[in-house]
Amino acid sequence: MAPMPNAEQRESQRPGRKLRVSLFLCLAFAAAASIALLAADSGSVRLSQEQINELARTYGESARRRLTRWQQLLDDLADADEMTKLREVNRFFNQVRFVDDIEHWKKEDYWATPVEFLVSNGGDCEDFSIAKYYTLRELGVPIEKMSIAYVKALEYNQAHMVLTYYEAPDKIPLVLDNLKPGIKSADQRPDLQHVYSFNGDSLWLSKKGRRADLVGTSDRLKPWVQLQSRIGQ
1012 MAPMPNAEQR ESQRPGRKLR VSLFLCLAFA AAASIALLAA DSGSVRLSQE
1062 QINELARTYG ESARRRLTRW QQLLDDLADA DEMTKLREVN RFFNQVRFVD
1112 DIEHWKKEDY WATPVEFLVS NGGDCEDFSI AKYYTLRELG VPIEKMSIAY
1162 VKALEYNQAH MVLTYYEAPD KIPLVLDNLK PGIKSADQRP DLQHVYSFNG
1212 DSLWLSKKGR RADLVGTSDR LKPWVQLQSR IGQ
């Protein structure tokens, strides 16, 4: 199957393979990734030059350039306002190729770390959302303002994931999506039906883009727990 065009290439496009509908489905994963793919300390996505060099020896100069640009983005946005951070992080990651998990990782479902996503120059919807979440967290955006949202893309009758940002708890969130380049509020995205969302702390059922009911902590999602352990969180 050919890779899906990214947001910069095409405004309207088909989301990738279906995510499993069950909130708490146990997913099988391979052995933990090489420690070289993980960030330095406590879930940080800051990389040392030594780490970048090590990754480049395995994944090549293109991977080095992507990782270097990512680290430069972190430096450039350190003192920016939150909307600028959202816009530039969304734009940066939406340049990466969309590739289905089965083609890219030879697995039905795999949640990649931001480093894996960039060195391989590909991933599907949750990988875009995860990379944006961790990058914005590194830039100081509070996790309580962000959720990774499981949604249904109504135009295609398929599951999808996006990152949502709440300026305030009672505000309609903004949607950062790899399918569409612009950041819009959830009420301007009638093509998305929100089902649930989560962040580093909590898991919510969603209604019209809002966090409707707190149903527990995000450690009920095994793929998320496994991802965090590989990142070092």
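With positions in the sequence shown counted from 1, the corresponding number in the numbering used here is that position plus 1011. The beta carbon of each residue, even a glycine, is placed where N, CA and C say it ideally should be.
- Leaving aside the five residues before and after residue 1224 along the sequence, list all residues of the same chain whose C-beta is less than 6 Å from its C-beta, in chain order. 1216
- Task: Below 8 Å on the Cβ atoms is my guess for residue 1122 versus residue 1137; work out the distance and round it to an integer in Å.
- Result: Correct: roughly 6 Å between the Cβ atoms.
- Top-ranked residue by Cα proximity to residue 1221, from 1236, 1212, 1205 and 1086: 1205
- Item | Environment of residue 1226 [buried if 16+ CB atoms lie within 10 Å] | exposed
- Which of helix, strand or coil DSSP assigns to residue 1159: strand
- Note down, in chain order, each residue of its chain lying with its Cβ closer than 8 Å to the Cβ of residue 1197, except the 5 sequence neighbours on either side. Contacts found: 1175, 1183, 1184, 1185, 1186, 1203, 1205, 1219, 1220 and 1221.
- Would the segment 1096 to 1114 and the segment 1129 to 1143 be scored as touching if the rule is three or more Cβ pairs under 8 Å? yes
- Item | Collapsed DSSP secondary structure at residue 1091 in the structure displayed | coil
- Enumerate in chain order the residues of its own chain whose CB-to-CB distance from residue 1119 is below 7 Å, with the five nearest sequence positions on each side excluded. Closer than 7 Å at Cβ, skipping near neighbours: 1112 and 1113.
- For residue 1240, three-class secondary structure by DSSP: DSSP places residue 1240 in the helix class (H, G or I) of the three-state scheme.
- Just the C-alpha distance for residue 1189 and residue 1213, rounded to the nearest angstrom, thanks. 23 Å
- Message: Could you give the first and the last residue of the continuous alpha helix (DSSP H) run that contains residue 1069?
- Response: 1060 to 1070
- Please list, in chain order, all residues of the same chain as residue 1055 whose beta carbon is under 8 Å from its beta carbon, the five residues on each side excluded. Result list for residue 1055: 1149 and 1243, in chain order.
- Message: Taking the alpha carbon of residue 1159 as the reference point, which residue from 1082, 1207 and 1236 has its own alpha carbon closest?
- Response: 1207
- Task: Could you tell me if residue 1241 is buried or exposed, where buried requires 16 or more neighbouring beta carbons within 10 angstroms of its beta carbon?
- Result: buried
- Query: For the alpha helix (DSSP H) that residue 1145 lies in, which residues bound it at each end?
  - Reply: 1136 to 1149
- Query: Around the C-beta of residue 1052, are 16 or more other C-beta atoms found within 10 angstroms, so that it is buried, or is it exposed?
  - Reply: Unreliable positioning characterises residue 1052 in this predicted model, as indicated by a pLDDT of 46, which lies under 50. A coordinate reading is not provided.
- Can you give me the start and stop residues for the beta strand (DSSP E) that residue 1212 sits inside? First-last for residue 1212: undefined, no H or E at that position.
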